[in-house]
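Chains as they are written, first to last, in the numbering used here: chain A, 89 to 417; chain B, 89 to 417.
We put the beta carbon where it would ideally sit given N, CA and C, even for glycine.
2 protein chains.
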Amino acid sequence: MKIVVDAMGSDVGTSVEVEGAIQAVKEYGHDVILVGDEAIIKSELDKRGGSQGKITVVHAPDRIEMNEPAALSVRRKRKSSIVVGMEILKKEEADSFVSAGNTGAVVCAATLSLRMLPGVERAGIAIAIPTMKGRTVIIDVGANIDPKPIHLFQYAVMADAYCRYILRIPNPRIGLLNVGEEESKGTEFIKEAHALISKSKLNFIGNIEGRDIYVGDTDIVLCDGFVGNVILKVSESVVDTLVKMVKKEIKSSFIATVGALLANSAFQSLKKKMDYAEYGGAPLLGIDGRCIISHGSSTPKAIKNAIRVAAEFKTQDVNKHILEGLETY
Amino acid sequence: MKIVVDAMGSDVGTSVEVEGAIQAVKEYGHDVILVGDEAIIKSELDKRGGSQGKITVVHAPDRIEMNEPAALSVRRKRKSSIVVGMEILKKEEADSFVSAGNTGAVVCAATLSLRMLPGVERAGIAIAIPTMKGRTVIIDVGANIDPKPIHLFQYAVMADAYCRYILRIPNPRIGLLNVGEEESKGTEFIKEAHALISKSKLNFIGNIEGRDIYVGDTDIVLCDGFVGNVILKVSESVVDTLVKMVKKEIKSSFIATVGALLANSAFQSLKKKMDYAEYGGAPLLGIDGRCIISHGSSTPKAIKNAIRVAAEFKTQDVNKHILEGLETY
């Protein structure tokens, strides 16, 4: 198993990807190709005792920055780590790609280099979030901000395969995000998607609302990439705000401070449950290849887990199951 | 000042509205018309020592349930508290309307009975949420799930008047919710709205992202009613989920339980800050009249505050300022 890792993607930079790759080599035994500025990668490798023979380096001097326009930067920066990494995958010199870089650029490079699976019109990013009862997959969280109803049906099929073969959820329940539960609710786009998915053989439970997501009674939440992006960012921000507010309140009282110290174990355990690093990034589904997108603020552990999941997509042959799903449903 | 209150709206039912009305009469001295089942209202009034001369009752035997389709129920249930209450406003026998009932039905009845302000094409619901730095108004949170770019411009003007004259924010900063900060980001709808609002004289700070809302550096967040509805419901749900998770973690450890008891004052103070009841409901802006929509789970205090805000809309003549704003900007 050989995984290509974009070594210039994360906010912190190369050290995170190099450390994550070394951990993945030790823990899973996969081969890793690190793509990026060769001198920096080698220096980071040397600090950690060298490549151990399982890590190779491919030079790509350019970095696509987080705020660069996706399509333009992919077309112009042909020697960027994202474009060079994707080309390695295209030439079938590796099995999967992992990047914590500019999401739009990764989607664009993957779509241009690898193309779509036959029968899939648009790629979608699926992310598994923690809920009260386990994990729920939201698709799409930003690959396609203006989809057609048929794309939501294809997302449902792709997320179904992801749930079954990677997350080990046997018969995933699929909900369509709407402003109310009744069939009559929503925009024309949502009503058409509802009609389309209702007619399929998927395990469709109908419309769900924003308040239902974190309850965890739905395994897959379908929405357009605009709404999905907003959900993720608002959720992270509510958590951050609450934590900051609690800290501020606690500081204003001595007894509360003592209490907070005693309750600390509970907060730590909770934090671990909410930790995105445990979940190994978000697969870009629908492309004729395998690609995992990690959070820009990834830790080495997050990169290590992303490499694990990237390998599982190959072992489990998720793309084959997506193609079967498109025929079956 | 005379405020009509839908006495059949809230989830708990008439007792909440009657108690809220009595508190508002005592605290602000406004007259209140309670609309709903006369026998039930009178019995609730009697339990609390009668109407005190400032509360009158108008009989409306029907209730539009929370999940009934809005347009249909407004057309069919002509003797419902929402329809009868709105007719009282139309005949100018009262100054404002307050309802904790079916939001869609309130929007529909208001639009049909009272019509729009000249120059406004669609009504929008504005809600003031607590942030790290105070309050931020999100518009629209569900009146219009498929708006045109010009509607977002009109929402901006209306929310600007709401901020200036009710929330006392002198020069409100207006942000457009998008998936990135760059002008090039977003759907065609968002790009057109961006261009339109940029050309106006409004205090427009450009695109903002989901993660920026609770930071509180924007006073007004513009979005379509679908996205706004999802933001509100997801935010409430994240808070609920976190609280439940913390409680669960704490129960599993004795020391943590003791700590949590000691930290309790901090949580209580925080809870008060997040309490929607303090904010007195969400105005439906753009109609040729005054209407405040309260949460279905409103407490008497929430109803009392909604009555206060409903009166302020008249005193401050917000609608006049909206009309001026449409000309100025």
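Using a CB distance below 8 Å, the part of the stretch 204-236 of chain B facing chain A consists of Thr219, Met220, Gly230, Ile233 and Asp234, ordered along the chain.
Within the same chain, and ignoring the five residues on either side of glycine 384/B in sequence, the residues whose Cβ sits closer than 7 Å to its Cβ are Ser98, Asp99, Met154 and Ala188.
The Cβ atoms of glycine 212/B and proline 388/B do not sit closer than 7 Å to each other. The Cβ of isoleucine 238/A sits no closer than 7 Å to any Cβ of chain B. Among the residues of the stretch 141-166 of chain A, those with a Cβ less than 7 Å away from any Cβ of chain B are Asn155 and Pro157, in the order of the chain.
Listed along chain B are Lys321, Glu324 and Ser325, each with a C-beta nearer than 7 Å to that of arginine 299/A.
At a cut-off of 7 Å between C-beta atoms, valine 267/B counts as an interface residue with respect to chain A.
The stretch 190-203 of chain A and the stretch 294-309 of chain A do not touch, with fewer than 3 CB-CB distances between them shorter than 8 Å. At a cut-off of 7 Å between beta carbons, tyrosine 243/A makes no contact with chain B.
The beta carbons of glutamate 297/B and lysine 321/A sit closer together than 7 Å.
Of the residues Gly101/B, Ile152/B, Leu373/B and Leu177/B, the one whose Cα lies closest to the Cα of methionine 89/B is Leu177/B.
If you check the CB distance, isoleucine 233/A and valine 267/B come in under 7 Å. Cβ-Cβ distances below 6 Å link cysteine 379/A to Phe185, Ala198 and Leu372 in the same chain, with the five nearest sequence neighbours on each side left out; the list follows chain order.
Looking at the backbone, the Cα of alanine 244/B and that of proline 206/A are separated by about 44 Å. If you ignore the 5 residues before and after lysine 167/B, its C-beta comes within less than 6 Å of the C-beta of Ala148, Pro149 and Asp150, all in its own chain and listed in chain order.
Identification of chain A residues near leucine 330/B by a Cβ-Cβ cut-off of 7 Å yields Val327 and Leu330, ordered along the chain. Closer than 7 Å to the CB of asparagine 317/A there is at least one CB belonging to chain B. With respect to chain B, the C-beta atom of serine 386/A has no partner C-beta closer than 7 Å. Under a criterion of Cβ atoms nearer than 8 Å, no residue of chain A is adjacent to glycine 189/B; the nearest Cβ is some 15 Å distant.
Taking C-beta separations shorter than 6 Å and ignoring five residues to either side along the sequence, the partners of lysine 273/B in its chain run Asn266 and Val267, following chain order.
In the three-state DSSP reduction, glycine 108/A falls in the helix class (H, G or I). A straight-line Cα-Cα distance of about 42 Å links aspartate 300/B and threonine 416/A.
Sorting Gly294/B, Leu133/B and Asp228/B by C-alpha distance to the C-alpha of arginine 210/B places Asp228/B at the top. Among the residues of the stretch 267-299 of chain B, those with a Cβ less than 9 Å away from any Cβ of chain A are Val267, Gly268, Glu269, Glu270, Ser272, Lys273, Gly274, Thr275, Glu276, Phe277, Ile278, Glu297, Gly298 and Arg299, in the order of the chain. In this structure glutamate 156/B does not touch alanine 127/B by the C-beta definition: roughly 23 Å separates them, more than the 8 Å allowed. Aspartate 134/A is classed as exposed because its beta carbon has fewer than 16 other beta carbons within 10 Å across all chains shown.
The continuous alpha helix (DSSP H) containing glycine 413/A extends over residues 406-416. Histidine 118/B sits in coil when the DSSP states are folded into three classes, being neither helix nor strand. Taking the Cα positions, alanine 112/A is about 35 Å away from glutamate 269/B.
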